[in-house]
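J.: In the numbering used here, each number is its position in the sequence shown, counted from 1, plus 422. The C-beta atom is built at its ideal place from N, Cα and C for all residues, glycine as well. Only a predicted model underlies this, so the values are computations on that prediction, with no experimental measurement involved. One structure coming up, written as structure tokens, with questions to follow.
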Amino acid sequence: MSPTRSDGYRLLRDYLRGDCGLSLSMAKLHVAEARLRDLVRAEDLDDLGALVLRARAESSQRLKRRIIASMCTGETSWFRDEGPFRLFTETLLPRWEDELRAGTRTAIRLWSAACATGQEAYSLAMAVLERAGSSDVLRPHHLELLATDIDEDAVSQARQGLYPDFAMEALDPALRERWFTRDERRWRIDAAVRARVRVESFNLQDPVDGLGPFDLVLVRNAAAFFTDAFRRDLFARLRGVLAPGGRLLLGATETLGMAAAGWAPVDDGRAISYRLADDDPRAVAPGMRERSLEAREL
423 MSPTRSDGYR
433 LLRDYLRGDC
443 GLSLSMAKLH
453 VAEARLRDLV
463 RAEDLDDLGA
473 LVLRARAESS
483 QRLKRRIIAS
493 MCTGETSWFR
503 DEGPFRLFTE
513 TLLPRWEDEL
523 RAGTRTAIRL
533 WSAACATGQE
543 AYSLAMAVLE
553 RAGSSDVLRP
563 HHLELLATDI
573 DEDAVSQARQ
583 GLYPDFAMEA
593 LDPALRERWF
603 TRDERRWRID
613 AAVRARVRVE
623 SFNLQDPVDG
633 LGPFDLVLVR
643 NAAAFFTDAF
653 RRDLFARLRG
663 VLAPGGRLLL
673 GATETLGMAA
683 AGWAPVDDGR
693 AISYRLADDD
703 PRAVAPGMRE
713 RSLEAREL
């Protein structure tokens, strides 16, 4: 590695860690170069070091957001991972439906953070609308779903609700036929689904004051990119946006780890979710049981 290349990468690594809350080792220079190559070219710059210097000089954070988006290119798919969606449809939704029936609830509020191109958020919305179709009390208007991502291009696609053929391959054909229409060479999600989802650009480093309260917050398959310090900060702040009895869901292979202060894990046999540690344990839905974080991480 030439001194210039090495110095530029160290600049990037330190910038990602200190300014963006992202963790990247010196061993992954090729990853950074591959993901940021187009951005360096688009900015008419020579290398990664010049990209960092320009980002630090900007006051708008435009370039910072594009760097984070490029480094956190997330994979997403419809109803990704069976366990979390079974938890949602078989445990949480029935509980909320009972509360609607009892008059102790007026809405179901969800936040899909790091939503990428929107498949997770729209999967949740479809699940609610499917259940509402046979429910005596649950109606589409009860769902208020916020979907956010730092990637402006991903946010734009999610807002449009347009997906190419390859993005639809994993979706149940019955759901595709019920909730999508063919639009030239792409599939457009039904307006009834889009109406329940508000898609916004949001950096998880920004304050969450004013958001929520949410019954479920999903930060799935994103935290692996974060530094330990940022994880602790983020999950401490997210405690302030959960409604009483609310849940936090991570990716299938993720745990809170060092960021677990103030959270209590709950295992219902389908997926691990987290509740606020100072919540009334009786708020845990029937069939769910507490599980120690230590046991989960061994």
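Is L470 helix, strand or coil when you go by DSSP?
T.: Helix.
J.: Could you tell me whether the Cβ atoms of R519 and V559 are closer together than 8 Å?
T.: According to the sequence provided, residue 519 is Glu. The question's Arg does not apply to it. Yes, they are a contact pair.
J.: What does the Cβ neighbour count give for R564, buried or exposed, with the cut at 16 atoms within 10 Å?
T.: The amino acid occupying residue 564 in the given sequence is His; Arg does not appear at that position. Looking at its Cβ environment, which holds 16 or more other Cβ atoms inside 10 Å, H564 is buried.
J.: Could you name the residues that DSSP lists as bridge partners for W609?
T.: In the DSSP output, where bridge partners are listed per residue, W609 has Y585 and R604.
J.: Going along the chain, which residues of its own chain have a beta-carbon closer than 6 Å to the beta-carbon of L438, five neighbours each way excluded?
T.: Correct list, in chain order: L444 and L446.
J.: In the DSSP output, which residue or residues are listed as bridge partners for Y544?
T.: Paired residues: none, contrary to the question.
J.: Which residue wins for smallest C-alpha separation from W533, given the options G668, M680 and L698?
T.: Residue G668 is the option with its Cα nearest to W533.
J.: Could you compute how far the alpha carbon of G583 sits from the alpha carbon of D503?
T.: Whole-angstrom Cα-Cα distance: 21 Å.
J.: Could you tell me which residues DSSP pairs with L532 in its beta bridges?
T.: Per DSSP, L567 and L638.
J.: Quick test of your reading: R600 and Y585, contact by CB under 8 Å. State the CB separation rounded to the nearest angstrom.
T.: Their Cβ separation, rounded to whole angstroms, is 15 Å, which puts R600 and Y585 out of contact at 8 Å.
J.: Taking C537 and D575 to be in contact with their CB atoms under 8 Å, please state how far apart those CB atoms are, rounded to whole angstroms.
T.: Incorrect: roughly 13 Å between the Cβ atoms, too far for contact.
J.: For the beta strand (DSSP E) holding D655, just list the boundary residues, first then last.
T.: Per DSSP, D655 belongs to no beta strand (DSSP E); it is in the alpha helix (DSSP H), D650 to L660.
J.: So T513 and D690 are in contact, right, with Cβ under 8 Å, and what is the actual spacing, rounded?
T.: Indeed they touch by this definition, with Cβ atoms about 5 Å apart.
J.: Inspect the CB distances between the region 608 to 618 and the region 633 to 650 and report whether three or more fall short of 8 Å.
T.: At 8 Å Cβ cutoff, the stretches do not touch.
J.: Pull up the distance between the alpha-carbon of A491 and that of S545, whole angstroms please.
T.: In a straight line, the C-alpha of A491 is about 22 Å away from that of S545.
J.: For P629, is the classification buried or exposed, using 16 other Cβ atoms within 10 angstroms of its Cβ as the cut-off for buried?
T.: Exposed, because fewer than 16 other Cβ atoms sit within 10 Å of the Cβ of P629.
J.: Are there 16 or more other CB atoms within 10 angstroms of the CB of R653, so buried, or fewer, so exposed?
T.: When all chains shown are included, R653 counts as buried.
J.: Is S492 helix, strand or coil when you go by DSSP?
T.: Residue state, collapsed to three classes: helix.
J.: Please report the distance separating the alpha-carbon of A589 from that of T603.
T.: About 14 Å.
J.: When the Cα of K486 is compared with those of Q627, D612 and E591, which residue comes out closest?
T.: Taking only the C-alpha atoms, the option nearest K486 is Q627.
J.: For L660, collect the residues of the same chain with a Cβ closer than 8 Å to its Cβ; drop the 5 residues on either side in sequence, then sort them by chain order.
T.: Only V630, V639, V641 and L670 meet the Cβ criterion.
J.: So, under 8 Å CB-CB, P562 and A674 are touching, yes? Tell me the CB distance rounded to an integer number of Å.
T.: Going by Cβ atoms, the distance from P562 to A674 rounds to 28 Å, so no, they are not a contact pair.
J.: Can you grab the Cα-Cα spacing for the pair G684 / F510, in whole Å?
T.: Roughly 22 Å separates the two Cα atoms.
J.: How long is the line joining the alpha carbons of R508 and V453, rounded to whole angstroms?
T.: For R508 and V453, the distance between alpha carbons rounds to 34 Å.
J.: Take the Cβ of A645 as the centre, count every other Cβ of all protein chains shown within 10 Å, and call the residue buried at 16 or more, exposed below.
T.: A645 is buried by the Cβ-count criterion.
J.: Could you tell me if A464 is buried or exposed, where buried requires 16 or more neighbouring beta carbons within 10 angstroms of its beta carbon?
T.: Burial call: exposed.
J.: Closer than 6 Å by C-beta to L467: which residues in its own chain qualify, once you throw out the five before and the five after it? Chain order, please.
T.: Within the same chain, L467 has close Cβ partners L473.
J.: Rounded to whole angstroms, how far is the Cβ of I493 from the Cβ of F647, which I believe are closer than 8 Å?
T.: Ile is not the amino acid found at residue 493; the sequence shown has Met there. Indeed, because the Cβ distance is near 7 Å, the residues count as touching under 8 Å.
J.: Where DSSP assigns a beta bridge to I394, which residues make up the other side?
T.: An answer regarding residue 394 cannot be provided, because it is not within the stretch 423 to 720 covered by the chain.
J.: Would you tell me roughly how many angstroms separate the C-alpha atoms of S695 and L678, rounded to the nearest one?
T.: Using only the alpha carbons, I get a separation of about 10 Å.
J.: From E480, N643 and N625, pick the residue whose C-alpha is nearest to that of E676; which is it?
T.: If we check each option's Cα against that of E676, N643 comes out closest.
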